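**Student:** Questions regarding the structure given below will be posed in turn.
Residue numbers (the working numbering): 1345 to 1759.
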């Protein structure tokens, strides 16, 4: 009997790559970020690579150990909504798709700077040795933030990219990863590939000594699903206020509100459609969104606010209501200053001169005014026709023609 044909192992599509960020300051060492990247990703990296961030000073937070939740991040002064809390490079980057060779993770760890490696060892690792033999992988599976890396067209044909996870990467951050989870978080983060940084920013105002939290799971799911996912992937039971209602009815209302918002995200009336459909009431989008915003704020889902606030301000712009426009434009500008700088710049331009800079300023109001003029003119014409009919007889029709004045039998008498 012939021995089975030997099939060579398929080589891994991932390669070890060190991102060396030059220091912008003289006599300061560069920053190295070890990464495990798909071969097709390497040419898409920023070129040249960005400068390393300078050593931070006077940051608005403190990281300290708690009695029941490990390390946590707390505000050390008031942090306004939309404000930047932390700007940070990852200490390493790896694919979300698990690798067959644990040695690949260990080699990745060898590229981490000694001080960063020591601090990384103090981070939570909820994965067992059986799940993640490497501490590098275990810490990442517990803490890493999802990073936006985009593959070139055609990469889907690679058999290694057949799973959705193959498109995702994670980055481990020494400070941002200290943020614990809440189902109504007061902070979020934004990844920037050009600068290789994550920006942690406030979703709402944060008071001194208040814990700074982000979300680890889909917040629009009901409590039972959120708890199940958090236990499965992070091995803890959430004790935030949205998961610990003492009144079962309050919990049901919270779940119902989140279910409604999940549907509303996909079905809500949009500014764009409203702008093109003059038959819709002028306040249709505004009133619908304001009702949703009440639920958003009650559930602590402030990350959803910019989408609806942006549409509200644009409705007010087309209605020519400058006071309300300024209220919602300024609020939105603050919220997106870190998350969407381009939108923040656009809104700042509108706020400088709404009438001159907003492309469709007052368009709907002017249409309504012209519509009202036409309606008044139509009414005036009807009234005019009525009095003309009263003076000169019934309107002309095929069966009842009005006699001309020339043939009229009416006799005018003079007194």
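Note that the Cβ used here is the ideal one computed from N, Cα and C, for glycine as well.
Computed from a predicted structure; not experimentally measured.
Buried or exposed, going by whether 16 or more other CB atoms sit within 10 Å of the CB of residue 1699?
**Tutor:** Exposed.
**Student:** Is the segment 1456-1465 touching the segment 1584-1595, taking contact as three or more C-beta pairs under 8 Å?
**Tutor:** These segments do not touch.
**Student:** Rounded to the nearest angstrom, what separates residue 1370 and residue 1362 at their Cα positions?
**Tutor:** So the alpha carbons of these two residues sit roughly 22 Å apart.
**Student:** Fully enclosed by the segment 1370-1397, which beta strand (DSSP E) runs are 3 residues long or longer?
**Tutor:** Counting whole runs of 3 or more residues, the segment 1370-1397 contains the beta strand (DSSP E) stretches 1375-1382.
**Student:** Using the beta-carbon count (16 or more within 10 Å), is residue 1544 buried or exposed?
**Tutor:** Under this definition residue 1544 is a buried residue.
**Student:** Of the residues 1388, 1522, 1533, which one's Cα is nearest the Cα of residue 1407?
**Tutor:** Nearest option by C-alpha distance: 1522.
**Student:** Determine the contact status of residue 1359 and residue 1434, defining contact as a CB-CB distance below 8 Å.
**Tutor:** Contact flag unset, no.
**Student:** For the beta strand (DSSP E) holding residue 1661, just list the boundary residues, first then last.
**Tutor:** Counting along the chain, residue 1661 falls outside any beta strand (DSSP E), though it belongs to the alpha helix (DSSP H) covering 1649-1663.
**Student:** Would you kindly report the start and end of the unbroken beta strand (DSSP E) that includes residue 1361?
**Tutor:** Note, residue 1361: beta strand (DSSP E), 1358-1365.
**Student:** Under 8 Å, do residue 1518 and residue 1532 count as touching if we go by C-beta distance?
**Tutor:** The answer is no: Cβ separation not under 8 Å.
**Student:** So, residue 1525 versus residue 1559, is the Cβ gap smaller than 8 Å?
**Tutor:** In this structure, residue 1559 lies closer than 8 Å to residue 1525 by Cβ.
**Student:** Taking the CB atoms as reference points, tell me whether residue 1692 and residue 1677 lie closer together than 8 Å.
**Tutor:** A contact, by the Cβ cut-off of 8 Å.
**Student:** Is it buried or exposed for residue 1493, if we count other Cβ within 10 angstroms and need 16 for buried?
**Tutor:** Buried, by the Cβ-count rule.
**Student:** For residue 1488 and residue 1625, I'd like the C-alpha separation in whole angstroms.
**Tutor:** Going by the C-alpha atoms only, they are around 46 Å apart.
**Student:** Classify residue 1392 as buried or exposed, calling it buried when 16 or more other Cβ atoms lie within 10 Å of its own Cβ.
**Tutor:** Residue 1392 is exposed by the Cβ-count criterion.
**Student:** For residue 1414, name the three-state secondary structure that DSSP assigns.
**Tutor:** Of the three classes helix, strand and coil, the one that applies to residue 1414 here is coil, per DSSP.
**Student:** Do residue 1418 and residue 1312 come within 8 Å of each other at the CB atom, strictly closer than that value?
**Tutor:** Beyond the ends of the chain as shown, which are 1345 and 1759, falls residue 1312; an answer cannot be given.
**Student:** What is the rounded straight-line gap between the Cα of residue 1452 and the Cα of residue 1401?
**Tutor:** C-alpha separation (whole angstroms): 29 Å.
**Student:** Look at the alpha carbon of residue 1357 and the alpha carbon of residue 1443, and state the distance between them as a whole number of angstroms.
**Tutor:** Answer to the nearest angstrom: the Cα atoms are 10 Å apart.
**Student:** Using CA coordinates, which residue listed in 1450, 1566, 1394, 1439 is at the minimum distance from residue 1384?
**Tutor:** Looking at the Cα atoms, 1439 is the closest of the given residues.
**Student:** Flag this pair as yes or no: are the beta carbons of residue 1695 and residue 1674 separated by less than 8 Å?
**Tutor:** Contact: yes.
**Student:** Specify the secondary structure class of residue 1527 as computed by DSSP and reduced to three states.
**Tutor:** Residue 1527 falls in the coil class under three-state DSSP.
**Student:** Using the beta-carbon count (16 or more within 10 Å), is residue 1430 buried or exposed?
**Tutor:** With 16 or more other Cβ atoms within 10 Å, it is buried.
**Student:** Alpha carbon to alpha carbon, how far is residue 1380 from residue 1386? Give it in angstroms, no decimals.
**Tutor:** The alpha-carbon atoms of residue 1386 and residue 1380 are separated by roughly 10 Å.
**Student:** Taking the DSSP output, what are the residues bridged to residue 1535?
**Tutor:** Paired residues: 1542.
**Student:** Contact check, residue 1663 vs residue 1708 under 8 Å by CB: the rounded distance?
**Tutor:** That pair is a contact at about 6 Å.
**Student:** Does the Cβ of residue 1448 have 16 or more other Cβ atoms within 10 Å, making it buried, or fewer, making it exposed?
**Tutor:** The residue is buried, with at least 16 neighbouring Cβ atoms inside 10 Å.
**Student:** Could you check the C-alpha separation between residue 1550 and residue 1412 for me, to the nearest Å?
**Tutor:** Distance between the alpha carbons of residue 1550 and residue 1412 is about 21 Å.
**Student:** Have a look at residue 1341 and residue 1529 and give me their C-alpha separation to the nearest angstrom.
**Tutor:** Because residue 1341 is not part of the residues shown, which for the chain are 1345 to 1759, the question remains open.
**Student:** Classify residue 1706 as helix, strand or coil using the three-state DSSP reduction.
**Tutor:** Residue 1706: coil per DSSP, three-state reduction.
**Student:** When we look at the beta-carbon of residue 1643 and count the other beta-carbons within 10 Å, is it buried (16 or more) or exposed?
**Tutor:** Looking at its Cβ environment, which holds 16 or more other Cβ atoms inside 10 Å, residue 1643 is buried.
**Student:** What is the rounded straight-line gap between the Cα of residue 1658 and the Cα of residue 1536?
**Tutor:** When rounded, the distance between both Cα atoms is 27 Å.
**Student:** Distance, Cα to Cα, residue 1617 vs residue 1623?
**Tutor:** The alpha-carbon atoms of residue 1617 and residue 1623 are separated by roughly 11 Å.
**Student:** Closest to residue 1540 by C-alpha separation, out of 1590, 1688, 1394, 1567, would be which residue?
**Tutor:** Residue 1540 has its Cα closest to that of 1394, out of 1590, 1688, 1394, 1567.
**Student:** Under 8 Å between the Cβ atoms of residue 1427 and residue 1534?
**Tutor:** For residue 1427 and residue 1534, no; Cβs fall outside 8 Å.
**Student:** Can the beta-carbon of residue 1563 be found closer than 8 Å to that of residue 1602?
**Tutor:** Going by C-beta atoms, residue 1563 is nearer than 8 Å to residue 1602.
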